[in-house]
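Asks: Residue numbers (my numbering), protein chains in the order written: chain U, 2 to 311; chain P, 13 to 345.
#1: Am I right that residue 197/U and residue 208/U are in contact with their C-beta atoms under 8 Å? What's the rounded C-beta distance?
#2: What residue range is occupied by the uninterrupted beta strand (DSSP E) comprising residue 160/U?
#3: Which residues, in order along the region 33-45 of chain P, keep a beta-carbon less than 8 Å from a beta-carbon of chain U?
#4: Assign residue 88/P to buried or exposed, taking buried as 16 or more other Cβ atoms, counted over all protein chains shown, within 10 Å of its Cβ.
#5: Expressed to the nearest angstrom, what Euclidean distance is found between the alpha-carbon atoms of residue 29/U and residue 13/U?
#6: Closer than 8 Å is the cut-off here; do at least three beta carbon pairs connect the region 130-141 of chain P with the region 232-252 of chain P?
#7: Examine chain P for any beta-carbon lying closer than 8 Å to the beta-carbon of residue 106/U, and answer yes or no.
#8: Could you confirm whether any beta carbon from chain P is found closer than 8 Å to the beta carbon of residue 301/U?
#9: Just checking: is the beta-carbon of residue 37/U within a distance shorter than 8 Å of some beta-carbon in chain P?
#10: Specify the secondary structure class of residue 255/U as computed by DSSP and reduced to three states.
#11: Using C-beta distances below 8 Å, list every residue in its chain close to residue 165/U, excluding the 5 sequence neighbours before and after it, in chain order.
#12: Can you pull the chain P neighbours of residue 187/U, defined as C-beta to C-beta under 7 Å?
#13: Starting from residue 25/U, trace the beta strand (DSSP E) both ways and give me its first and last residue.
#14: Residues in the region 133-158 of chain P with C-beta within 9 Å of chain U's C-beta atoms, listed in sequence order?
#15: Would you list the residues sitting across from residue 82/U in a DSSP beta bridge?
#16: Do residue 159/U and residue 152/U have their C-beta atoms closer together than 8 Å?
#17: Return no unless some Cβ of chain P is closer than 8 Å to the Cβ of residue 103/U.
#18: Could you tell me which uninterrupted beta strand (DSSP E) segments, each at least 3 residues in length, are contained entirely in the region 124-192 of chain U, listed from first to last along the chain?
#19: Which residues in chain P sit within 9 Å of residue 79/U, going by Cβ to Cβ distance?
#20: Give me the DSSP bridge partner(s) of residue 60/U.
#21: Would you give the residue range spanned by the beta strand (DSSP E) that residue 96/U belongs to?
#22: On the CB-based measure, 16 or more other CB atoms within 10 Å of its CB, does residue 123/U come out buried or exposed?
#23: With three or more beta-carbon pairs closer than 8 Å as the criterion, would you say the region 49-63 of chain P touches the region 185-193 of chain P?
#24: Residue 81/U and residue 65/U: beta carbons closer than 8 Å?
#25: Would you say residue 176/U faces chain P, with C-beta separation under 8 Å as the test?
#26: Enumerate in chain order the residues of its own chain whose CB-to-CB distance from residue 336/P is below 7 Å, with the five nearest sequence positions on each side excluded.
#27: Measure the CB-CB distance between residue 342/P and residue 153/P and report whether it falls below 8 Å.
#28: I'd like to know if the region 205-222 of chain P and the region 273-290 of chain P are in contact, where contact means that at least 3 CB-CB pairs between them fall below 8 Å.
#29: Roughly how many angstroms lie between the CA atoms of residue 115/U and residue 161/P, to the nearest whole one?
#30: Within the continuous alpha helix (DSSP H) that includes residue 110/P, where are the two ends?
#31: What is the DSSP secondary structure of residue 288/U, counted as helix, strand or coil?
#32: Determine whether the Cβ of residue 23/U lies closer than 8 Å to any Cβ atom of chain P.
#33: Looking at the C-beta of residue 118/U, does it have a partner C-beta in chain P at a distance below 8 Å?
#34: DSSP on residue 221/U, reduced to helix/strand/coil?
#35: Is residue 311/P buried or exposed, if buried means 16 or more other CB atoms sit within 10 Å of its CB?
#36: According to a CB-to-CB cut-off of less than 9 Å, which residues of the region 232-249 of chain U neighbour chain P?
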């Protein structure tokens, strides 16, 4: 890999009693916006907690920003931000006080932390609400203040665990836009954990899919989207049998689906040869659907209960 | 939204030391714990301890000053007999300052524990839920653990919170009254003569504050709900007093299961009031007759008879157990 990895795990294993939550995860993630995707209970949050030393790991090694966390845990965390999934504010504190305090805990002098807290609250779009107690915030405000406290000390890597949870679509869009800006404007690497494909699909350059405590897939978003089976689903009104016979003569295996459409394995890198073949043989399909890309497919596979890594 | 387009700027300042981060935890913790009228009222009572001692030392200093206005005024008001007593005390202070002057401070600091003990239990009960229990209940502990801190940094910060508040009960009255009492004393040699009592008072204060602070942290970390911490603290002391009292019937040593018994025992050993009375009997006229009926145990040497080692062992064991317990509790779940 050209860049030094921001996260590197080798054989990361975590068990709760007899249940294996992380099963020897090997990962090497470069800088960028990284989506940690998986269904609820897949092990995403546990993975984050283990690399941040919030939970002890049972086996394996973890390096963040090139430093072994077992040996340089405190110094490494100085360069890392974390917005947990659950509410974690300190009761009784105002929003701006809370973010200032988090800055101080990360090693900033008080004056700098206070100034920076206001900058970050501006950045996440908090107005006068910052002078209210965090206890009184709506879910959206709490998510924003969590992101502000994760960024206040200007980290090089930030972990955001399910930041869109509990938000309405408008709130989700705003938070995703904000997260997108973190990487694009500041080049702070972002690890976004989510069970929503849409979230990571929209803003992440690299995807890691976790299911049953194992990494199911890990690649760039572009590569995962290109990686797809050379299959297509043809929606056609008349002449299904003729079409199927013609496709078979061409050497393309096909079958009739229960919805009446024809599934064909064309084996080509694009749909163009199939479209040309149908035009040449006077077939008029209503629609030709490309097979789902690997991201969708792998994620759907991960969502199935008891699924095994591919 | 007008603020939505704010740009992200990188921060390039220097980080502060780990001790400043620990002090930040302590500062915010103190502010949180001292927010409330009840705790302020009780802390005022600890100031009353300080003021009472200072007033007593001030009066003593003025009484032993030859020809002081206060002594003259009392003589005029009460008659020559009292005036003669004052003159006598003044003469003692001149001739035997190590007994008379130091003795007054020693007695003052010795009796401090009788008010400091109940005040400590009450005041800690008023803020114990805000120490660690609140961080556990609100999950704020996750934030602490994700920052550039270790569990020890967090604990040191919280320890400073409790020990600072307890210091206003145990240390502030001692140091404050010693400084003001001596600054306003007629002779600056009082600083020298009363210095041993200051050290004794400080020693007892430290002996009380260290284990009590650690036990408070452990009890606070025991509770998942903030209200439970207060209940654990109060019920814990009641239970411990009963258990220690009953256990003492089988073995007197088990009385030290209640840390306040251990603190009292160490306080006795540090102040050595028996030794003080004995010295007063041998050196001061009239005192030998007045104190003749007091049963002194001068043969006992505290270090070897167990009145230091045994309670110290119990307090150290309790402190270590508290540290181990609280260290296991403050994980992000």
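Note that CB positions come from ideal geometry on N, CA and C, so glycine has one too.
Replies: Let me lay it out:
#1: Looking up residue 197/U in the first chain gives position 196. Looking up residue 208/U in the first chain gives position 207. Actually they are not in contact, since the Cβ atoms of residue 197/U and residue 208/U sit about 13 Å apart, beyond 8 Å.
#2: Along the first chain, read from residue 1 onward, the residue named residue 160/U stands at position 159. Looking at the DSSP string, the run of the beta strand (DSSP E) that includes residue 160/U is 158-162.
#3: Cβ contacts with chain U: 33, 36, 37, 40, 44.
#4: The residue you call residue 88/P lines up with position 76 of the second chain. Residue 88/P is exposed by the Cβ-count criterion.
#5: Here residue 29/U is taken as the residue at index 28 of the first chain, counted from 1. Here residue 13/U is taken as the residue at index 12 of the first chain, counted from 1. Their backbone Cα atoms lie some 12 Å apart in a straight line.
#6: Contact check between the region 130-141 of chain P and the region 232-252 of chain P: three or more CB pairs, one atom from each, fall below 8 Å, which counts as touching.
#7: Within the first chain, numbered from 1, the residue matching residue 106/U stands at position 105. For residue 106/U, the answer is yes, since a Cβ of chain P falls inside 8 Å of its Cβ.
#8: Locating residue 301/U in the first chain gives position 300, counting from the first residue. So no, residue 301/U is outside the interface.
#9: The residue you call residue 37/U lines up with position 36 of the first chain. With respect to chain P, the C-beta atom of residue 37/U has no partner C-beta closer than 8 Å.
#10: Here residue 255/U is taken as the residue at index 254 of the first chain, counted from 1. DSSP places residue 255/U in strand when its eight states are reduced to three.
#11: As a working note, residue 165/U is residue 164 in the first chain. Once the five neighbours on either side are set aside, the close Cβ partners of residue 165/U are 144, 172, 173, 176, 177, 195, 197, 200.
#12: Walking along the first chain from the start, residue 187/U turns up at place 186. Neighbours of residue 187/U on chain P, chain order: 20, 22.
#13: As a working mapping, residue 25/U is identified with position 24 in the first chain. Counting along the chain, the beta strand (DSSP E) containing residue 25/U begins and ends at 20-30.
#14: Cβ contacts with chain U come from 142, 146, 147, 149, 150, 151, 152, 153, 154, 155, 156, 157, 158.
#15: Against the first chain, residue 82/U aligns to sequence position 81. Under DSSP, residue 82/U takes part in a beta bridge, and its partners are 159/U.
#16: Taking the first residue of the first chain as position 1, residue 159/U is located at position 158. Taking the first residue of the first chain as position 1, residue 152/U is located at position 151. Using a Cβ distance threshold of 8 Å, residue 159/U and residue 152/U count as a contacting pair.
#17: Start at 1 with the first residue of the first chain, and residue 103/U comes out as number 102. Closer than 8 Å: yes.
#18: Here the runs fully enclosed are 158-162.
#19: Sequence index remark: in the first chain, residue 79/U carries index 78 (1-based). 27, 159, 160, listed in chain order.
#20: Start at 1 with the first residue of the first chain, and residue 60/U comes out as number 59. Its beta-bridge partners are 14/U.
#21: Within the first chain, numbered from 1, the residue matching residue 96/U stands at position 95. From DSSP, residue 96/U is part of no beta strand (DSSP E) but of the alpha helix (DSSP H) over 96-106.
#22: Counted from its first residue, the first chain places residue 123/U at position 122. It is buried - the Cβ of residue 123/U has at least 16 other Cβ atoms within 10 Å.
#23: They touch, by the three-pair rule.
#24: Translated into positions along the first chain, residue 81/U becomes position 80. Translated into positions along the first chain, residue 65/U becomes position 64. Yes.
#25: To locate residue 176/U, count along the first chain from 1; it is residue 175. Not an interface residue.
#26: Within the second chain, numbered from 1, the residue matching residue 336/P stands at position 324. Cβ neighbours of residue 336/P within its own chain (closer than 7 Å, five residues either side excluded): none.
#27: Mapped onto the second chain, residue 342/P falls at position 330. Mapped onto the second chain, residue 153/P falls at position 141. Yes, these two residues count as a Cβ contact at 8 Å.
#28: Touching, per the Cβ criterion.
#29: Within the first chain, numbered from 1, the residue matching residue 115/U stands at position 114. Within the second chain, numbered from 1, the residue matching residue 161/P stands at position 149. One C-alpha to the other measures close to 19 Å.
#30: As a position in the second chain, residue 110/P is number 98, starting the count at 1. Taken as a continuous stretch (DSSP letters only), the alpha helix (DSSP H) holding residue 110/P covers 109-139.
#31: Taking the first chain and counting its residues from 1, one reaches residue 288/U at position 287. In the structure shown, residue 288/U falls within a strand segment according to DSSP collapsed to helix, strand and coil.
#32: Taking the first residue of the first chain as position 1, residue 23/U is located at position 22. Chain P contact via Cβ: absent.
#33: Your numbering for residue 118/U matches position 117 in the first chain. Closer than 8 Å: no.
#34: Indexing the first chain from 1 puts residue 221/U at position 220. In the structure shown, residue 221/U sits in a strand (DSSP, three-state: E or B).
#35: Along the second chain, one-based indexing puts residue 311/P at 299. Confidence in residue 311/P is poor, its pLDDT being 47 and thus under 50, which makes the residue's placement unreliable; the coordinate value appears in the next sentence. Exposed.
#36: For the region 232-249 of chain U, which is checked against every Cβ of chain P, not one residue is closer than 9 Å.
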